[in-house]
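Q: Here the sequence shown is numbered in the UniProt record's numbering, starting from 1 and rising by one per residue.
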Amino acid sequence: MKRGGTISSSYYSFIPKGDLIFRESSSLINVVVFSVENLKHFVEDVLGGKVEPYMKSEPIPESQGDVKVVVARSFKEMVTDVKKDVLIEFYAPWCGHCKALAPKYDELGEKMAKEDVVIAKMDATANDVPPAFEVRGFPTLYWVPKNAKDKPIPYSGAREVDDFIKFIAKHSTDGLKGYDRDGKKKKAKADEL
């Protein structure tokens, strides 16, 4: 093979001419498994945007609670495109630590329901996780600031509701309505009483 020139036909001599065929033993039908022509059409379709990429994803939930359930097909809409800060938990349904965290995370969702923050979770065993989010164990949590969606921050703090609130209050882009930057509940103003 020459650089910048044509490829020698002997260079790819391992590719058989014609189609690779196998015979299904149960029906004795020949099935085309691979052909250079099929590969060429597939590559053209991929490059032309005609092939939808495969994505492992659960169905998008029809309804949502205070903790938003994110799946691979809704990740862009619910995490990267939403104009809010997001705290997302990547969990596994069989994980004991995840099960222990669940009621605390639900309580956090309730407490943050009126804030400009999304509390979300994703089953990382049933959905493809975007490459920017490295999941090495369960649960794995990330803070995704609304003005820096391409720079998720791993959460490594304690896992009590108050600890989450302190973290969110400190890192929220615009501050919280009900909590100061230290995570302490704001006192109600006289006109709100």
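Where a beta carbon is used, it is the ideal one built from N, C-alpha and C, also for glycine.
Only a predicted model underlies this, so the values are computations on that prediction, with no experimental measurement involved.
Starting from phenylalanine 90 and walking both ways along the alpha helix (DSSP H), at which residues does that stretch end?
A: No alpha helix (DSSP H) holds phenylalanine 90; the beta strand (DSSP E) holding it covers 85-91.
Q: Closest to serine 63 by CA distance: which of Met55, Ser74, Pro53 is it?
A: Cα-wise, what sits closest to serine 63 is Ser74.
Q: Give me, in chain order, the residues of the same chain whose beta-carbon lies closer than 6 Å to that of lysine 166; leave out the 5 immediate sequence neighbours on both sides.
A: Gly183, listed in sequence order.
Q: Going by DSSP, name the residue or residues bridged to leucine 101.
A: Beta-bridge pairing links leucine 101 to no other residue.
Q: Rounded to whole angstroms, how far is the Cβ of isoleucine 119 from the Cβ of aspartate 66, which I believe are closer than 8 Å?
A: About 7 Å; that satisfies the 8 Å criterion.
Q: Using the Cα positions of glycine 4 and aspartate 150, report the straight-line distance between them to the nearest angstrom.
A: Note that glycine 4 scores 45 on pLDDT, short of 50, meaning its location in the model is unreliable and no value can be drawn from it.
Q: Quick one: Cα of lysine 121 to Cα of lysine 170, how far?
A: Going by the C-alpha atoms only, they are around 21 Å apart.
Q: Any contact of the segment 97-112 with the segment 33-50, i.e. 3+ C-beta pairs under 8 Å?
A: Segments in contact, no.
Q: How big is the Cα-Cα spacing for lysine 185 and proline 154?
A: Each residue's alpha carbon lies about 25 Å from the other.
Q: Once the 5 residues before and after phenylalanine 138 are set aside, which same chain residues still bring their CB inside 8 Å of it?
A: Phe90, Tyr91, Ala92, Cys95, His97, Cys98, Ala124.
Q: From glycine 178 to isoleucine 88, what does the alpha carbon distance come to, in whole angstroms?
A: Going from the Cα of glycine 178 to the Cα of isoleucine 88 covers about 21 Å.
Q: Just verifying my parser: in three-state terms, what is the DSSP assignment at valine 69?
A: It is a strand residue.
Q: Would serine 172 be called buried (16 or more neighbouring beta carbons within 10 Å of its own) or exposed?
A: Under this definition serine 172 is a buried residue.
Q: Using CA coordinates, which residue listed in Ala126, Asp85, Asp180, Val161 is at the minimum distance from alanine 148?
A: The candidate whose alpha carbon is nearest that of alanine 148 is Asp85.
Q: Is it right to say phenylalanine 34 is buried, meaning 16 or more other beta carbons lie within 10 angstroms of its own, or is it exposed?
A: Exposed: under 16 other Cβ atoms inside 10 Å.
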